[in-house]
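Visitor: Using UniProt numbering, the letters of the sequence shown correspond one by one to residues 1 to 176. Think of the CB as a built atom: it goes at the ideal place given N, C-alpha and C, for glycine as much as any other residue. In this text, all values refer to a predicted model and were calculated from it rather than measured experimentally. The structure is given below, and queries will be raised subsequently.
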Amino acid sequence: MSSFRNTVTAVLVTAVRLPKGLAMAALMLLMVMTFFDILLRSTVNAPIEATTELSRILLMFVVFAAMPEVTLRGTHVAVDLLAPVLDRVGFARIEGLILIGSAVLMVWPDQKILTLAMRSKSYDDMTEFLHIPTYLPALCVFAFMVMTTACFAIAGLWLLLTGYSFGFERREAKEW
Numbered sequence: 001m002s003s004f005r006n007t008v009t010a011v012l013v014t015a016v017r018l019p020k021g022l023a024m025a026a027l028m029l030l031m032v033m034t035f036f037d038i039l040l041r042s043t044v045n046a047p048i049e050a051t052t053e054l055s056r057i058l059l060m061f062v063v064f065a066a067m068p069e070v071t072l073r074g075t076h077v078a079v080d081l082l083a084p085v086l087d088r089v090g091f092a093r094i095e096g097l098i099l100i101g102s103a104v105l106m107v108w109p110d111q112k113i114l115t116l117a118m119r120s121k122s123y124d125d126m127t128e129f130l131h132i133p134t135y136l137p138a139l140c141v142f143a144f145m146v147m148t149t150a151c152f153a154i155a156g157l158w159l160l161l162t163g164y165s166f167g168f169e170r171r172e173a174k175e176w
């Protein structure tokens, strides 16, 4: 079972590595762009015209591309009220049910995002300065959300069936 768990963990970690890399690259590009926009705005009164729309798109990548790994690692903001009452396996099973329920609930926003992306494509919506079709970032959000939904479902099923997480370090409860 340990070999199977290690294989599943390796596959899932590899699958969320690309979105994580995109999030990191988008954050770095956002910082560099903001720096040069402020520098040009302050020194020669020539701001970068497309900063607003690029900031929106890059921030979207930072937030939504990081979600699959956050979900898989279980590093969401959480309040574990039942942790002191239940043993480790019982707590893992309840957490598994919560993750599966979250995956089921995520299907609705996934569908809405796809609907909005397709509506934007049918209207031929473009961004103001760079004329980027607005359905492209929306489809990226949809892809990241579907990956997040899958991570919720897989992590929940794994916790439910085995009582163990994917081998990532488990967060420790902090005393206040």
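Between residue 33 and residue 48, which are expected to be in contact by the criterion C-beta below 8 angstroms, what is the C-beta distance as a whole number of angstroms?
Guide: Their Cβ separation, rounded to whole angstroms, is 7 angstroms, which keeps residue 33 and residue 48 in contact under 8 angstroms.
Visitor: Please report the straight-line C-alpha distance between residue 70 and residue 107, rounded to a whole angstrom.
Guide: The straight-line gap from Cα to Cα measures roughly 18 angstroms.
Visitor: How big is the Cα-Cα spacing for residue 29 and residue 60?
Guide: Their Cα atoms are separated by approximately 13 angstroms.
Visitor: If you pair each beta-carbon of the segment 62-69 with each one of the segment 116-123, do three or more pairs fall below 8 angstroms?
Guide: The answer is no - the segment 116-123 does not touch the segment 62-69, with fewer than three Cβ pairs under 8 angstroms.
Visitor: Taking only beta-carbon atoms, is residue 151 less than 8 angstroms away from chain D?
Guide: Absent from the structure: chain D. Only one protein chain is present.
Visitor: Cα-Cα, which of 92, 147 and 140 is closest to residue 15?
Guide: Among 92, 147 and 140, the Cα nearest to that of residue 15 belongs to 147.
Visitor: Does residue 109 come out as helix, strand or coil in the three-state DSSP assignment?
Guide: Looking at residue 109 - three-state DSSP - the assignment turns out to be helix.
Visitor: Could you spell out where the alpha helix (DSSP H) holding residue 156 opens and where it closes?
Guide: Element bounds for residue 156: 135-162.
Visitor: If you measure between the beta carbons of residue 93 and residue 160, is that distance less than 8 angstroms?
Guide: Yes, the pair counts as a contact, with Cβ atoms nearer than the cut-off.
Visitor: How about residue 149 and residue 110: do their beta carbons lie closer than 8 angstroms?
Guide: Their beta carbons are under 8 angstroms apart, which means residue 149 touches residue 110 by this criterion.
Visitor: Please check the pair residue 99 and residue 155, which I expect to be a contact at CB under 8 angstroms, by giving their CB distance rounded to whole angstroms.
Guide: Indeed, because the Cβ distance is near 5 angstroms, the residues count as touching under 8 angstroms.
Visitor: Please report the straight-line C-alpha distance between residue 171 and residue 143, rounded to a whole angstrom.
Guide: At residue 171, the pLDDT of 45 sits below 50, so the modelled position is not reliable; the number obtained from the coordinates is stated separately. So the alpha carbons of these two residues sit roughly 28 angstroms apart.
Visitor: Tell me the residue span of the alpha helix (DSSP H) that contains residue 34.
Guide: Counting along the chain, the alpha helix (DSSP H) containing residue 34 begins and ends at 2-43.
Visitor: What does DSSP give as the partner residue(s) for residue 206 in the beta ladder?
Guide: Here the chain covers residues 1 to 176 and nothing more, so residue 206 does not appear.
Visitor: Answer yes or no: do residue 53 and residue 130 have a C-beta to C-beta separation smaller than 8 angstroms?
Guide: Going by C-beta atoms, residue 53 is nearer than 8 angstroms to residue 130.
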